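Enquirer:
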Amino acid sequence: MQSSVTPPHDNLRRAVQWLSDHGPATPETIEQASIRFDLSPEDEQFLLTHFRQDKHDPEP
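The sequence shown begins at 74 in my numbering and counts up by one.
(1) Taking just the CA atoms, how far does P80 sit from L120?
(2) Would you report the Cα separation of H82 and D94, rounded to the nearest angstrom?
(3) Pop quiz: I103 and F124 are said to be a contact at Cβ under 8 Å. What is the actual Cβ separation, rounded to whole angstroms?
(4) To the nearest angstrom, how far is the alpha carbon of L112 from that of R86?
(5) Between which two residues does the alpha helix (DSSP H) containing T102 stretch?
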């Protein structure tokens, strides 16, 4: 018998894909993704931290 429960972090994976398809990730678009994909506060914070770090990485 299969469970219909979404695998752990599947919504986070879908949110990352959605963000990458919709241009630059801003706090506003991350909030939209959080609502759209029903992310936990921890997952939303992960996105905010991850995308903020990307902006501070030096260009090659």
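By construction, the Cβ of each residue, glycine as well, lies at the ideal position given by its N, Cα and C atoms. From a predicted model like this one, the values you see are computed outputs, not experimental measurements.
Expert: Well, looking at it:
(1) 18 Å
(2) 19 Å
(3) 7 Å
(4) Looking at the backbone, the Cα of L112 and that of R86 are separated by about 10 Å.
(5) P100 to R109
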